[in-house]
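Residue numbers (this note's numbering), protein chains in the order written: chain A, 1 to 329; chain B, 1001 to 1329. Ideal Cβ positions, reconstructed from N, Cα and C, are used throughout, including at glycine. Let me begin by presenting the structure, written as structure tokens, before commenting on it.
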């Protein structure tokens, strides 16, 4: 094992379709990226079998799983032998650089904060979501870690998000927007009006309020919000996309002529599906904790798991923790 | 003029494309619905000319307009002769039954509350938006009248929304949901957790939390939220739809074969555009004030204005104010 390889822990038992899709995702990731070592965390028998098939897989026994419905903080404390806390300890003791799981978002957040610990100076870690803009991706954060926020937290989200877009996505000068219900500075609810004032005062790269309709229209690179609003917006995007595809499918399937049309368009439709497919992204980064935590969609298939692992590796290579620490100094 | 005709005031100078599209919209509405009388409110010369063309048009002089950027409450007080306050006074004195404007949303809300007045028992009027669900429309409210809310307000929104869906949309037993970030009752921010408890206790037709992704997937008929969250969600739906159409257009225009595909699909694509077109809806009802106020999109074309007028007439015929008064008793 060489030292320049990136070491990633993968939760083999996280997500709705685990362990099958996780096992497949690990092997697919290994075949696409030869410079990673996977610490496969999960049921002893399963991970030992995986390790036999490829010497780049290190088995790590963790015989419990935290369910989606369990209270995250309690679960992390009680089930010390579950996949998520076991992998978080691998981050804490420096065994691995990154950790990917499609399991409980709440458990990932708790493990990141309570076990791995926050980066120096970070008040509250947040979850980012990379949205597919027309020309370039947009990082929206927080999308669910902090349902109730204070303006100071959004200032940090903006600084952390700026660091992410610079170091991971290569955007030279990221523009920050505040998710709000009017373009003018004085619009909004009490919280967003206060936050706008703070961002205007403290953030050089603040470009003003961003309305829901402008989220993905390329005006901003980072859009900050409290975790409640961000989660509603993120899931509304997913729901709208799903509804549009349903309408589109009905239109294409409505008669013999439209079916021919669908056949003529099949590769372009696949491309469109890919552009708007959450599995293409692989996962949402948890930002502000030590190490790199990436949270996959619970419904991920093998492709989603593979992309999540590759994204985790990419983020590790960008030395994001250092960039975040510098950004909030 | 017969008494069974519905009398609707129309702001001829409201919206980005006024007065041209408003004039066209009025004549289109009159040709589709023979049982309405239009009170055309606006510049004296213009509305007098309109009245000459059709005896079902009554001219009402109002020589000022409230701009989109003006402070609504101040503008209503200072510009007493502007279209929106003039029309609201027609509601107050019983001259007309309904009022449609594609002008300033804030001014409509202020005029509805300060001039027409609230329906007995209503704490805070709210703006509803009828979203295009897959099988049936969904009323989301509030979408912008009240940026900061208390749980009791959302309970009233639920009651008012239920009355609207029953009397205007003919839904026998509307199901109410609370826009939130998790399906379980205990999920959310402090506000939504409190609101969930109140709705569980007081509302017979409360069916639990609704996540953003389920907004338009037919599980609920009414989804309540504070005006900040609702406005973000509404505009995010618009933005996502716009982005999807951009991607789709690019796909159809990418080569000679896909252009043939587009030609074969043209009528279905128009149908899809129609399903997701905000102008088809015509406007958002302001709910809780006396009389019927319907707010059109600022960017409405003639079709949007026409549909807004027809929707206003339909709502008047449903005797909504009485239904709302009964619902919140």
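If one requires a minimum length of 3 residues, the beta strand (DSSP E) runs lying completely within the segment 57-91 of chain A are 57-61, in chain order. Per the coordinates, the alpha-carbon of residue 179(A) lies some 47 Å from the alpha-carbon of residue 1053(B). In the DSSP assignment, residue 293(A) falls within the beta strand (DSSP E) that extends over 292-295. Within the DSSP bridge table, the entry for residue 10(A) names 40(A) and 100(A) as partners. In the DSSP assignment, residue 203(A) falls outside any alpha helix (DSSP H) and carries neither an H nor an E.
Residue 114(A) sits in a helix when the DSSP states are folded into three classes. Interface flag for residue 311(A) against chain B is unset, since no Cβ pair is found closer than 8 Å. Within its own chain, the residues whose Cβ lies closer than 7 Å to the Cβ of residue 253(A), once the five positions on either side in sequence are excluded, are 259, listed in chain order.
Going by beta carbons, residue 199(A) and residue 206(A) fall inside the 8 Å limit. Inclusion of residue 163(A) and residue 29(A) in the CB contact set at 8 Å is not warranted, their separation being larger than that value. Listed in chain order, the positions of the segment 1267-1290 of chain B with a beta carbon within less than 8 Å of a beta carbon of chain A are 1268, 1269, 1271, 1272, 1275 and 1276. Under the DSSP assignment, residue 1026(B) falls outside any beta strand (DSSP E), being part of the alpha helix (DSSP H) whose first and last residues are 1020-1032. For the C-beta of residue 1257(B), the chain A residues within less than 7 Å are, from N- to C-terminus, 264.
A Cβ of chain A is located within less than 8 Å of the beta carbon of residue 1179(B).
Of 1011(B), 1099(B) and 1274(B), the smallest CA-CA separation from residue 1083(B) is found for 1011(B).
In the displayed model, residue 145(A) falls within coil according to three-state DSSP, outside both helix and strand. Secondary structure of residue 1244(B) (DSSP, three-state): helix. Only 231, 232, 233, 234, 235, 236, 237, 238, 239, 240, 241, 242, 243, 244, 246, 247, 248, 251, 252 and 254 from the segment 231-254 of chain A bring a Cβ to less than 8 Å from some Cβ of chain B. A contact is defined here as three or more CB-CB pairs under 8 Å, and the segment 292-305 of chain A fails this definition with respect to the segment 128-135 of chain A. Under the three-state reduction of DSSP, residue 1151(B) is assigned to helix. Measuring C-alpha to C-alpha distances from residue 1156(B) to each of 1097(B), 1109(B) and 1226(B) identifies 1226(B) as the nearest. A direct Cα-to-Cα measurement between residue 1218(B) and residue 1237(B) gives close to 16 Å. The secondary-structure analysis by DSSP pairs residue 1126(B) across a beta bridge with 1287(B).
Sequence-distant Cβ neighbours of residue 1096(B) in its own chain, meaning closer than 7 Å and more than five residues away, are 1007, 1008, 1009, 1039 and 1090.
Look at residue 1134(B): its C-beta is under 8 Å from a C-beta on chain A. The distance from the Cβ of residue 126(A) to that of residue 148(A) is about 13 Å, inconsistent with a contact at the 8 Å cut-off. Using a Cβ-Cβ cut-off of 7 Å, residue 214(A) is close to 1239 of chain B, given in chain order. The residue among 1288(B), 1293(B) and 1272(B) with its C-alpha nearest the C-alpha of residue 1282(B) is 1293(B).
With 16 or more other Cβ atoms from the protein chains shown falling within 10 Å of its own Cβ, residue 1211(B) counts as buried. DSSP places residue 1310(B) outside any beta strand (DSSP E); the residue lies instead in the alpha helix (DSSP H), whose first and last residues are 1302-1317.
Residue 103(A) is a Cβ neighbour of residue 15(A), given a cutoff of 8 Å. For the segment 144-157 of chain A, residues whose beta-carbon sits nearer than 7 Å to a beta-carbon of chain B comprise 144, 147 and 148. Here the alpha carbon of residue 73(A) sits roughly 14 Å from the alpha carbon of residue 146(A).
Against residue 190(A), the close residues of chain B are 1148, in the order they occur along the chain (beta-carbon pairs closer than 7 Å). Within the segment 1066-1082 of chain B, 1069 place their CB atoms closer than 8 Å to a CB of chain A, listed in sequence order.
Taking C-beta separations shorter than 6 Å and ignoring five residues to either side along the sequence, the partners of residue 1202(B) in its chain run 1155, following chain order.
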